[in-house]
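At position 501 of the sequence shown (counting the first as 1) the number is 990 in the numbering used here, and the numbers step up by one without a gap.
Note that the Cβ used here is the ideal one computed from N, Cα and C, for glycine as well.
Below: one structure, written as structure tokens.
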Amino acid sequence: MIFGLPIGFTAPWVLAALIALPVLWFILRAIPPAPIRRRFPGVVLLLGLSDEDTVTDRTPWWLLLLRMLAVAAVIVGLAGPVLNPQTREAGSGPLLIVMDGSWASAPDWDARRDMVTALLDEAARDGRVAAVQRLSAPEPLLFLQADAWKSRLAGVLPMAWAADEMAMTEFAKNLAQADGFDTVWLSDGVAREGRADLLKALQDKGNVRVVQTGRGAMALMPPSYEDGKLVMRAQRSEGAIAQEVTALAIGTDPGGTEQVLASLPLVFEEGAQSSENALVLPSELRARLTRFEIAGVRSAGAVALSDDSLRRREVALIAGREDREGLQLLSPLHYLRQALVPTADVIEGALTDILPANPDVIVLADVAVLSEGETAAMIDWLENGGLLLRFAGPRLAASEISRTEEDPLLPVRLRAGGRSVGGAMSWGEPKSLAPFDVESPFYGLAVPDEVTVTAQVMAQPDPTLADRVIASLSDGTPLVTRKAVGQGHVVLVHVTANAEWSGLPLSGLFVQMLDRLAILSAVGEEADTRLAGTTWQPLKVLDGFGRLEDAQTLPGVAGEDLAEGRVGPTLRPGLYRDGEKVLAMHAVDAETDLAPATWPVTVPVEGLRGAVTTDLSGYFLAAALVILALDVMASLFVSGRLWGARVAAVALALMVTATDGFAQQASVTAGHAQEVVLGHVRTGNREVDDIALAGLRGLSNVLHFRTSVEPEDPVTVDLETDELAFYPFLYWPITPDQPSPSREAYAKLNAYLRSGGMILFDTRDSDVARFGASSPTGRKLQKLAAGLDIPPLDPLPEDHVLTRTFYLLQDFPGRYMSRDVWVEAAPADAEKIEGMPFRNLNDGVTPVVIGGNDWGAAWAVDTRGNTLFPVGRGRAGERQRELAYRFGVNLIMHVLTGNYKSDQVHVPALLDRLGQ
């Protein structure tokens, strides 16, 4: 600490030169020497005269002090002053920086990346090679110069999953071939299986220290639908203090715009690591839900997606008979309606009319026989995942169905006649229900004592009977049986749907059992056997920050992997589809236990650095130059030569310096006028602006190597101050919070568009939204474009000149894959000339191109030419990046050459007309 500031020195021995400052003080005081006094009579003649040029006999003390400060500043600057130095001993060997890189690291990822940058700077000062490794996406260990790794950090992002035990074990095995190194482990603060073995392997190679925050991780469990309510559960790894968070239910409004539909407080008591609350939503709102998230927590673990398990079911009711008019309580459908209406959409009608509507559940109340065509259609519906719920009754008991052979639409064979207990003409008392088995879908429901059964249809003993019983009476008689048919289920309740044979329909248990049975039709409750043999295509996947991205070219996933539920590189959290079914995979599931990470006492643990190490050498040397400039001015003042011609000379020098600065700026602007320069509009978001500049750098490199266009380095364009005419092409990434241009800037933009310039508006959101106001950036684009003179737009047609300006293209991907690219609409009279493959479209350049594929990130490279962001996966991803570059080349060639290519297509027709 120096003067209360955390300052250290990389070369403290240089400070020994400060000892010479007192000696230098006395030397300067002695120069010039004091004059010797001699009496001379002739001096009387000089009395009364004044001398404008005076010289002091000694250097003033304050001027000496100023010079001492200048020398001291030079000495301190050469000693290598460092703000926030690290007091630990500097290492000498390779440095491995290990990052968990999971969703739990995402909320403070910027601080972690700054920490890694500081560690790499330290390694560079110490002359050490370094390697950076994410356990969530391990790669072969590669030690490089620290500066080389710094250029790659922009593409190092957290994953939406955590490293599992297998990945850590494999990484630990690979370390056996490496030489010794020290390790800094940036932990996400959550306990993981396999971490102890990896820690031991790292300690065998050298010193290990751990960096982690003390606030822990927070996750939102997948929501469940219970008793007509959405139950939300959250967990945290650190439970020392009381805390309240807000869970947001997000969906689309009737116009398709995503917004918050409801919010729910989740309160963590002091010492508690979990919180739970229930949300009641109308069915129309619940149908529009897309996801849930914890407000203010930016991670995939804080996001829960909505799938078929939460949507409101469609249940079809069909009765075998209608009871006497007016006796509603005797109707076999009355109690079913009362139980299902709060939680499902109930439809009624003939079976042939209902099956085309593809309901989730069909209930047959005492329906004994179906026609051959109805049976075949029902089996097809079941094999595609439907749930057939049948209730017994007099008709089913009296029929011959499923006596000798099991009927395909019944789970068991039935005895003739049925069984009656507790009546006047029977033996024994009414039977109560037995507790539900742990394998039953009704497990956990309380059985009321007042629920008894007086009559039922009996199942015939079969080898498969025991496996199909999911509820039974106290004497072991089956009450509810079930079997699988394809991907669907057939369930038989061996009593009536009204209160004739039992008191079950009069109890709350009836409602709960129907709710559990309805959930069987949900994909989220699929059994392993039902998922086996299926393939699910990914629709949307979550990144580490909890943002939904388009799955693009990700391959399908086997149903067995979905049933296992282990998310990772091959099974990413997101939405998956098989036919009409949608299944959500989450970063955390209901079985996840967020426990805080614990480390051995031999491993030092520290928090994320609040202040990054900063080299102050340049500041001290600059201060020395300023002090020396002040010394020159002070010396002129003491000598009396500060005024007159000398002042004019100093002012002239300052003016020349300022003019030189303006001249340099003018020369740069003149260079922009002479060469092709690509520009991007400044958004005010540093990260987005850096990516945009890096993207144009990558596109400029491609143009330089593949075409005759040789652009200069791209620039950032300020709409308020810069002249736009020098830039034929502007890339404008849209952010939700960027300021709107002023009136003067809009005037410049409109003049730019009318004079042949092109602007590529990129909302960067095609992974989550389509063209329009369905996303924050889409709505911001609408506001920004309101003041622009933009012509009518159309989706980019297949015969537009942009599809063939340089490369022949059918798709225009960036980091995301979407065909929603809009350009100036073709004139109404555009026609296709006979024999020509394209229409005669506009003669000029489309002034705007609008899309959301995040082209800047796909083009982005660092100063060494390395790509900064992943695009897709494997070879397919590199192909997608190549198409993104080709689209960029076509854009630039189009803006530079107009519809030259379009004109060439029509050359034969033009020559033919000239001949006429």
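For residue i, the nearest candidate out of the options (CA to CA)
i	options	result
Gln945	Lys1269, Gly678, Pro924, Asp855	Asp855
Ser591	Val1334, Ala1076, Leu688, Pro848	Ala1076
Thr970	Gly1366, Arg1061, Glu939, Leu1006	Leu1006
Thr943	Ala808, Leu968, Val927	Leu968
Thr1294	Arg641, Arg1232, Thr1386, Gly1267	Thr1386
Lys1272	Asp1050, Phe1250, Ala865, Gly683	Phe1250
Ile508	Val565, Asp834, Leu624	Val565
Pro821	Ser788, Arg879, Ala613, Tyr1296	Arg879
Trp1025	Gly1068, Leu1185, Val1090	Gly1068
Val503	Leu567, Pro883, Leu513	Leu567
Cβ-Cβ distance between residue i and residue j below 8 Å
i	j	result
Lys1269	Ile1339	no
Ser961	Ala923	yes
Thr985	Ala881	yes
Leu1208	Ala1236	no
Leu608	Asp671	no
Ala791	Leu709	yes
Ala784	Glu758	no
Ala600	Leu1097	yes
Leu468	Arg780	Here the chain comprises residues numbered 490 to 1405, so residue 468 is not present and cannot be evaluated.
Ala1314	Leu1291	no
Ala595	Gly1033	yes
Val858	Leu806	no
Val1165	Pro1217	yes
Ile1381	Val1170	no
Phe1358	Ala1365	no
Residue i - DSSP class collapsed to helix/strand/coil
i	result
Ser763	strand
Thr1148	In this prediction, Thr1148 has a pLDDT of 48, which is less than 50 and means its spatial position is unreliable; what the coordinates show is noted afterwards. In the structure shown, Thr1148 sits in a helix (DSSP, three-state: H, G or I).
Val512	helix
Ala1047	strand
Arg641	coil
Pro549	coil
Ile730	coil
Leu750	strand
Trp916	Only weak support is given to the placement of Trp916: the predicted model assigns it a pLDDT of 48, under 50, and the question is left unresolved by the model.
Leu535	helix
Gly1354	coil
Ala944	strand
Val1334	coil
Pro1062	coil
Arg556	helix
Tyr824	helix
Gly815	Caution applies to Gly815, whose pLDDT of 43 falls short of 50 and renders its modelled position unreliable; the model cannot decide the point.
Val769	coil
His1075	coil
Glu1367	helix
Ala706	coil
Ile496	strand
Gly1099	Confidence at Gly1099 is low in this model, with a pLDDT of 47, below 50, so its placement is unreliable and the value that follows should be read with caution. Three-state DSSP puts Gly1099 in coil, outside helix and strand.
Ala680	coil
Val1166	coil
Tyr1374	helix
Ala1155	Reliability of the predicted coordinates at Ala1155 is poor, the pLDDT of 48 falling under 50, and the value obtained from them is presented with this limitation in mind. The answer is helix: DSSP assigns Ala1155 an H, G or I state.
Glu782	strand
Residue i: CB within 7 Å of a non-hydrogen atom of the ligand SAM
i	result
Val856	Looking at this structure, you won't find the ligand SAM or any other ligand, since it has none at all.
Handout entry: Segments of 3+ residues assigned as beta strand (DSSP E) that fall wholly inside the region 560-624
Key = Residue ranges of uninterrupted beta strand (DSSP E) with 3 or more members, entirely inside the region 560-624 and ordered along the chain, are 570-572, 584-588, 618-623.
Practice task
Entirely within the region 949-1036 and at least 3 residues each: give me those beta strand (DSSP E) ranges in chain order.
Solution key: Counting whole runs of 3 or more residues, the region 949-1036 contains the beta strand (DSSP E) stretches 958-961, 967-974, 977-982, 1024-1031.
Problem - the region 1334-1351 / the region 1363-1381 touching (three or more Cβ pairs under 8 Å) - result: Yes: at least three Cβ pairs fall under 8 Å.
Exercise for the section: Decide yes or no for the touch test of the region 875-893 against the region 970-982: beta carbon pairs closer than 8 Å, at least 3 of them. Expected result: Verdict: yes, contact present.
Exercise for the section: Mind the definition here: the region 610-629 touches the region 700-715 only if three or more C-beta pairs lie below 8 Å; say whether that holds. Expected result: Output reads no: the region 700-715 does not touch the region 610-629.
Practice task
Ignoring anything shorter than 3 residues or poking outside the region 1201-1266, list the beta strand (DSSP E) runs there in chain order.
Solution key: If only complete runs of 3 or more residues are kept, the region 1201-1266 shows the beta strand (DSSP E) at 1204-1206, 1218-1222, 1247-1251, in order along the chain.
Handout entry: Segment contact flag, the region 716-730 with the region 762-769, C-beta cutoff 8 Å, min 3 pairs
Key = The region 716-730, when compared against the region 762-769, does touch it at the 8 Å Cβ threshold.
Handout entry: Validate contact between the region 929-943 and the region 890-904 using beta carbons, cut 8 Å, 3 pairs
Key = Pairwise C-beta distances place the region 929-943 out of contact with the region 890-904, as fewer than three of them are shorter than 8 Å.
Problem - Contained beta strand (DSSP E) runs [length at least 3] in the region 845-924, N- to C-terminal order - result: For secondary structure counted as the beta strand (DSSP E) over 3 or more consecutive residues, the region 845-924 holds these complete runs in sequence order: 850-854, 876-880.
Practice task
Taking 8 Å as the threshold, find out whether the region 1041-1056 comes into contact with the region 794-808 through three or more Cβ pairs.
Solution key: No, the region 1041-1056 does not touch the region 794-808.
Handout entry: Touch test, the region 636-646 against the region 1046-1061, Cβ-Cβ under 8 Å, three pairs minimum
Key = Touching, no, given that fewer than three Cβ pairs across the two stretches are closer than 8 Å.
Problem - Inter-stretch contact (C-beta, 8 Å, three-pair minimum) for the region 1065-1074 and the region 639-655 - result: Fewer than three beta-carbon pairs drawn from the region 1065-1074 and the region 639-655 are found closer than 8 Å, and the two stretches are therefore not classed as touching.
Handout entry: Three-pair Cβ contact test at 8 Å for the region 682-693 versus the region 1059-1067
Key = A contact is defined here as three or more CB-CB pairs under 8 Å, and the region 682-693 fails this definition with respect to the region 1059-1067.
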